[in-house]
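Below is one structure, written out as structure tokens, with a few remarks after it.
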Amino acid sequence: MRFWWRAGTWLWLIFATLMAQAADGRPGIHEAIVAGDYYGAGEQASPAGPVEGDAFIVSPYLNLTQPVKGDALLAGGGVLISAPVAGNLYGMGGSVLLESPIRGNGRLTGGRVEIGALGTVAGKTTLVGGRVSVLGKAGQQLTVFAEHVTLDGEVDGNVTIAARTLVIGPHTRVKGRLTYRGSQPAQSDPAAVIIGGMNYLSFDFEEETYQPVAKVVAWVGAIAFTAGLFLIGMLAILLAPGWTEHMSRLGRRRPMSSLGLGLVVIVCVPIAVVLLMLTIVGIPLALMLLMAWPMILLLGYLAGVMAVSDAIAGPRAEAKGRRVFLLAMGLGVMLLFARVPVAGWAIGMLLVILGIGAMALNAMGAVAPVRIKKQTPVAPEAGKSELASRQEPTFRRE
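Per my numbering, residue 82 is the first one in the sequence shown, and the count goes up by one each step.
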């Protein structure tokens, strides 16, 4: 529990204490030591000496070369653990390679995860990734979830593997039982030793028996998602009718501005996140944008559907009931239309872009243009003077 409390404050400490470079002036690395715990970030960040407590490191290319007496949480594009860790190890990255002993548990995830020939985990081992290789030694228990798995090392306990393919090499030594769930039988070398035996369970979600269930689950999820959006939109219309009406009016009256600004936001926000990540100091802001980005996309889609439904409901914010009803109809139509392969996706994206642009215009205080309709002058009645019949045309605001 102590470790996870520190992990929860990791980002804050990165922001608060790593704004200055280390005392040794190592270029490109921001680091700090707080109560014996090491916090590091930057290009090829790694402690310069042994760590007395826990280690929290994030780096594009991370190579842990100094021993850690506590736990270690490591994240990066490429992660290499080449020094011992006395506690538990938590590693995540594009590729994760363990080439040192771990006395506690090991939890590793990434596109490619490997326990090398020199890597050992004394406790429980959990590996999740696209391709997973175990060439070293795992302790009490080994659990693997991956697309392709290669097992060619030693395991002191039981092994549980769920993967599409499994290759068991000649150096495999499993003291317990191996349970394998996959779409294809394992390719096992005759020299492999599995004392507890192997149990294979065929498991393939692509089989016809699973397709009806998958379709039902997909429809239930889509309906629940649409219902959630409708509840958010209904509350917005009822609690802030003027604000939502003005936003949807911006989307209708200034469609090109809304589409253009929405496209700029969608393109620029991911670029801004990457640039902020590279500055190190901007990592907290980048993470905030990443967490808020899915919600922005959802609200943009809702705002786009609301702009179209409000065009049918009428221009007045007072028509709350009619706006809510037509919003429900619009979301329902889009739920069905989304099943169309290309057109559904294209219309949905246009609504997202339009909605995000309208929200941005509304946030910037933009004003929707007002249409002015010229009324036809009334013909003068008989008996009235010619002077009285010369009326100036009147104008009415819609």
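Cβ coordinates follow ideal geometry from the N, Cα and C atoms, glycine included. Quick caveat, the model's predicted, so the values are computed rather than measured.
For residue i, the first and last residue of its enclosing beta strand (DSSP E)
| i | result |
| --- | --- |
| Arg258 | It is not in any beta strand (DSSP E) - Arg258 carries neither H nor E in the DSSP assignment. |
| Thr246 | Thr246 to Ile249 |
| Pro141 | Ala136 to Leu145 |
| Val160 | Ala153 to Ile162 |
| Ser283 | Met279 to Ser283 |
Residue i to residue j span [Cα, whole Å]
| i | j | result |
| --- | --- | --- |
| Gly175 | Arg212 | 11 angstroms |
| Gly363 | Val345 | 21 angstroms |
| Thr231 | Val115 | 40 angstroms |
| Leu442 | Val225 | 49 angstroms |
| Gly117 | Pro131 | 10 angstroms |
| Tyr281 | Ala243 | 10 angstroms |
| Thr241 | Pro182 | 22 angstroms |
| Met173 | Gly200 | 16 angstroms |
| Cys349 | Val355 | 10 angstroms |
| Lys205 | Gly185 | 8 angstroms |
| Phe137 | Leu223 | 25 angstroms |
| Ala488 | Leu216 | Residue 488 lies beyond the residue range present for the chain, which begins at 82 and ends at 479; the question has no answer from this structure. |
| Asp233 | Val255 | 10 angstroms |
| Met279 | Ala439 | 59 angstroms |
| Lys401 | His327 | 14 angstroms |
| Ala317 | Arg404 | 11 angstroms |
| Ile276 | Ser214 | 20 angstroms |
| Gly257 | Ala164 | 28 angstroms |
| Tyr171 | Val160 | 11 angstroms |
| Ala203 | Asp237 | 9 angstroms |
| Gly446 | Ala303 | 34 angstroms |
| Ser127 | Val166 | 14 angstroms |
| Ala353 | Gly314 | 29 angstroms |
| Leu368 | Met358 | 8 angstroms |
| Ala305 | Leu312 | 11 angstroms |
| Trp300 | Ala308 | 12 angstroms |
| Ala427 | Phe406 | 25 angstroms |
| Leu366 | Ala384 | 25 angstroms |
| Asp135 | Ala424 | 52 angstroms |
| Tyr261 | Val274 | 15 angstroms |
| Glu195 | Thr360 | 30 angstroms |
Residue i beta carbon near the ligand NAP (any heavy atom closer than 8 angstroms)
| i | result |
| --- | --- |
| Ile313 | In the structure on display, the ligand NAP does not appear, and there are no ligands present to speak of. |
C-beta contact flag for residue i and residue j at 9 angstroms
| i | j | result |
| --- | --- | --- |
| Ala122 | Val139 | yes |
| His252 | Ala272 | yes |
| Gly197 | Leu178 | yes |
| Arg193 | Asn169 | no |
| Ala156 | Leu145 | no |
| Glu180 | Ile162 | yes |
| Gly210 | Thr190 | yes |
| Thr246 | His229 | yes |
| Tyr120 | Ala129 | no |
| Gly263 | Phe284 | yes |
Start-to-end residues for the alpha helix (DSSP H) that takes in residue i
| i | result |
| --- | --- |
| Ile513 | Residue 513 is absent from the model: the chain starts at 82 and stops at 479. |
| Ser338 | Pro336 to Leu359 |
Min CB distance residue i to chain D below 9 angstroms
| i | result |
| --- | --- |
| Arg404 | The question asks about chain D, but that chain is absent: this structure has only one protein chain. |
Inset, instruction - Decide if the stretch 317-325 is in contact with the stretch 413-428; the criterion is three or more beta carbon pairs, one per stretch, under 8 angstroms apart. - result: no
Legend entry - the stretch 333-346 contacting the stretch 434-441, beta-carbon criterion three pairs below 8 angstroms: yes
Inset, instruction - Any chance you could list the alpha helix (DSSP H) runs of at least 4 consecutive residues sitting entirely within the stretch 164-236, in chain order? - result: none
Inset, instruction - State whether the stretch 401-416 contacts the stretch 370-377, with contact taken as three or more CB pairs (one from each stretch) at a distance under 8 angstroms. - result: no
Legend entry - Contiguous alpha helix (DSSP H) assignments of at least 4 residues, all confined to the stretch 357-417: 364-394
Inset, instruction - State whether the stretch 326-338 contacts the stretch 383-392, with contact taken as three or more CB pairs (one from each stretch) at a distance under 8 angstroms. - result: yes
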